[in-house]
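Residues 1 to 872 (the UniProt record's numbering) are what the sequence shown spells out, left to right. Below you'll find the structure, written out as structure tokens, and then a few comments.
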Amino acid sequence: MIGSFKQAKKDEEDGCGNPYHSVDKTSVLQEARVFNETPVNVKRSTHVLTKILYLLNQGETLATKEATDAFFAMTKLFQSNDLVLRRLVYLGIKELCNVAEDTIIVTSSLTKDMTGREDQYRAPAIRALCRITDATMMQAIERYMKQAIVDRAPGVSSAALVSCRHIMKDSPDVVKRWVSEVQEALSSDCVMVQFHALGVLHQIRKSDKLAVTKMVSKLTSSGPRSPYAICLLIRIVARLIEEDEAGADCRLFDFLESMLRHKAEMVIYEAANAIVTLRKSSARDLAPAISVLQLFLSSPKPTLRFAAVRTLSKVAMTQPNAVTACNLDLENLIQDVNRSIATLAITTLLKTGSEGSVDRLMKSISSFLNDISDEFKIVVVEALRALALKYPRKQAVLMGQLADMLRSEGGLPYKEAIASTIITIIEDNPEAKEKGLDHLCEFIEDCEHTTLAVRILHLLGREGPRTRQPARYIRFVYNRVILENAAVRAAAVSVLAKFGAQCETLLSNVLVLLQRCMMDTEDEVRDRATYYHAVLATRDSALIHRYILNPPQFALPSLERALVQYLRADTSAPFETRAVPTAPPPQEEKKAQNIMEVAPRQEERVVPTHEKYAEQLSAIPQFANLGPLFKSSAPVELTESETEYMVRCIKHTFRDYIVLQFDCTNTLNDQLLEAVNVVVEGEDWDVLLYIPCPSLPYSQPGSCYALLRIPEDIMATTGTFSATLKFKVRDCDPATGEPDTEDGYEDDYTLEDIEISVADHVQRAARNNFAAGWDELGATNELEDTFALSAMSSLEEAVTQVTQFLGMHPCDRSDRIPEGKSAHTLYLAGTYRGGHEVLVRAKLALSDGVTMQLTVRSDDPGVSEVIASAVG
């Protein structure tokens, strides 16, 4: 006995305390034969049925035959009156009804339990019955459901109301007939029944805005007694205020404010949360809600403290000044025993604190970080990043704190968050660059994470050569070649080459180091060293700029497709890389989500839009020989969203052609459209062919195409086209969608004009070193002009509009404008159709509007001219 106890204790310590952890589906289904025994073996049947439910809740799937056999065997258990077993049977029916066949056979048994005298059976029987009953059989149980909704037993009434919400998905008209019963349930004495009744009543009426308004008006004047129902009512009221854009000066808002004085804490919090999340609430409107949340911060209940500090943290993102009054209470929460509350308190303080409080907050953080996990530390780091951008003069203090955190213990995500914050500070403030690089160099001496070391090395290669003493970083980089793994060594070799390419005084030393790297054991490192040594040894600035500072960056799938097409055709001519689209610039790093507010989503594989369109167009025979797809535009709506036909246009640019793709949707359920086509007309452009959509049934999208030849005159490659949707209409039955007649009639519909702009001929391109690319292109094809952008009132607006209009990519973070500046220089890079590189320097000055001096350089004079003339 003692031995078995010790074994059980050991199993529990080893994490094997779950008695069902080793159950197997096949063996459990075999054990389910016990359901067929007569009389019912209650103990064994309960045990086996629990195993089946455990497997289903762990994600195990049953085949249709397996589920059907188990379901029918389980119905034999209705012979037993054991309460536990019967409730397990109800759960089993709900789990298996979507997989098993002929589940309708248990309807009579469930109806009997539903109308019986045992309340413990009635509620779960209602839930199970509504899961297996389809719309055709709803009439048979409608009378019983009406009685159950107004039943005296609260459990039965709640079960019926919850089931109504599920029935609404398939049979909304049936539930609408039960409105009077639902309204009667709303006056029940049970707080949970009131809550469920209000939920059903709102779901019935939510499509009728007037009905919802009347319901809210009645309930706000004589509200329900249930705090749960009042919380739901508050959410409905908040949604109405948002939809009506009524703002704060309305009686609905007065109702929210009155709920701040309710006796139930959950209602008070719900009202405060609703007020602070309204989009148009001013600081004056927020004051009562903030005061209530401030009181909750000192509550002895951890749940209230957590709810209050989380809500204040959200408010601090948009209106930090409104939360400033709570700073003293928030500082007291830094030492809270609940680390979630403490973390939210410190991050909220970092958002709302003044510049003078930064030093004090840093001291609090130092002692605070040792007691929390990496996940919470990342939240603090994100708050420090926002604070650093808000107070540039405090970046030295913040950088020191981040450096200390970088040297402390922690996993890869935590260290990546710190490194990203330091990089952000470096990019935002040139004065902090060298100090930040020093901290990162010290870190990579002991960095155990390959990806992070490579990222920091890449930053060194980009920023290090531009510092006052670039030679000081060579030691850190070459140490990586000696001490690290192959991936880091390869990255270090590339960084050495960038130092040699930009620092003439270091070139000879870099060549010696690269020569040593040629003896590396890894072929990738040797190949890189050999390649870079050969390029640098030429000392040809054009060659160095082209292949080290701004190397060609092709979109690999497009390069593969172009090579395959080249091999299938005549290979006597050399392969032309100009026709291959360049890789799009990397997307900016997304802001990390607050782990305490948003649950992480599973990563999904996203197909790049360019590749998706390229595959789609290449599958159409008429477009198979157009060459590589250069660029696809964002969809442009050609109709209003409320019209009977919805059409949007996507422009696909090739070297000599543009394909207009029209995605059409028919929103009329009594019409079938056939031979759907969009006819376009424009000057100087030839429409070579149309590909119509054969059929366009109701609510089923379809596509038609138009192929245009781009004019040879580069100055005529932009224009505006009129567009008309033409089709044949056949009237059809709205219920079935089948046409009523064989013959139809021709019709057309005028669409919005289509504009082909210079941005449709330019692809965004990244340039690692804009100055090197600018010097490489030279002034041979340079054009310069000055423009007055009188319609723009700020530099930020001018940067955004010019970037979007030209369709180019901002380089050297020139799209970020420091606060308070009245002049700024924007650097843009792109690739013009045909593979022509184009760079733009726009000097902006703020006066009466914005004045812009635009300078364009390209390897083709025509491209420079078309880009420069596009703005004018």
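All C-beta atoms in this analysis are idealised placements derived from N, C-alpha and C, irrespective of residue type, glycine included.
Item, Value
"Environment of LYS651 [buried if 16+ CB atoms lie within 10 Å]", "buried"
"CA-to-CA distance, ALA823 to VAL863, given in whole angstroms", "27 Å"
"Cβ pair count under 8 Å reaching 3, the segment 840-859 against the segment 791-800", "yes"
"Whole-angstrom distance between ILE290 and PHE72, CA atom to CA atom", "58 Å"
"C-alpha gap between LYS43 and THR736, whole angstroms", "53 Å"
"Whether TYR391 touches VAL337 by CB criterion (8 Å)", "no"
"Beta-carbon proximity list for THR780, same chain, < 6 Å, skipping 5 on both sides", "none"
"Beta-carbon proximity of GLU242 to ARG279, cut-off 8 Å", "yes"
"Status (buried if at least 16 other CB within 10 Å, exposed otherwise) for ALA868", "buried"
"Extent of the continuous beta strand (DSSP E) to which LEU233 belongs", "From DSSP, LEU233 is part of no beta strand (DSSP E) but of the alpha helix (DSSP H) over 227-244."
"Coil, strand or helix - CYS732 by DSSP", "strand"
"Three-state secondary structure (DSSP) of THR667", "coil"
"Buried or exposed by the 16-neighbour rule on C-beta atoms within 10 Å, applied to GLU382", "buried"
"Chain-order list of residues whose beta-carbon lies under 8 Å from that of LEU460 (same chain, five-residue window excluded)", "LEU437, LEU440, CYS441, TYR473, PHE476, VAL477, VAL495"
"Which residues DSSP lists as bridging GLY702, in chain order", "CYS664"
"Residue environment, HIS196, which counts as buried when at least 16 other CB atoms sit within 10 Å", "buried"
"The segment 339-355 in contact with the segment 319-331 per 3-pair CB rule at 8 Å", "yes"
"Cβ neighbour criterion (16 or more within 10 Å) applied to GLY773", "buried"
"Coil, strand or helix - ALA372 by DSSP", "Checking the sequence, you will find Ile at residue 372 rather than Ala. Note: ILE372 maps to coil in three-state DSSP."
"Alpha carbon of ILE378 to alpha carbon of ARG310, nearest angstrom", "16 Å"
"Simplified DSSP assignment, three categories, for ILE867", "helix"
"Chain D within 8 Å of ASP170, Cβ atoms only", "Among the chains in the structure shown there is no chain D, since it carries only a single protein chain."
"Coil, strand or helix - LYS65 by DSSP", "helix"
"Unbroken alpha helix (DSSP H) run spanning MET145, endpoints", "138-149"
"Three-way DSSP call (helix, strand, coil) for GLU588 in this model", "Note on GLU588: pLDDT 47, under 50, position unreliable in the model; no value is reported."
"Beta-carbon proximity list for CYS164, same chain, < 6 Å, skipping 5 on both sides", "VAL175, VAL200"
"DSSP state of THR643 mapped onto helix, strand, coil", "coil"
"Element boundaries [alpha helix (DSSP H), containing ARG131]", "119-132"
"Residue of PRO585, THR667, SER572, ARG561 minimising C-alpha distance to ALA579", "ARG561"
"Which of helix, strand or coil DSSP assigns to PRO172", "helix"
"Per-residue DSSP class, three states only, for TYR827", "strand"
"Beta-carbon proximity of residue 887 to GLY807, cut-off 8 Å", "Examination of residue 887 is not possible in this model, given that the chain is present from 1 through 872 alone."
"Assigned secondary structure, MET852 (DSSP; H/G/I helix, E/B strand, else coil)", "strand"
"Three CB pairs or more closer than 8 Å across the segment 665-673 and the segment 634-649", "yes"
"Segment limits, alpha helix (DSSP H) that includes LEU688", "No alpha helix (DSSP H) contains LEU688, which is instead part of the beta strand (DSSP E) from 686-691."
"DSSP-derived helix/strand/coil call for GLY835", "coil"
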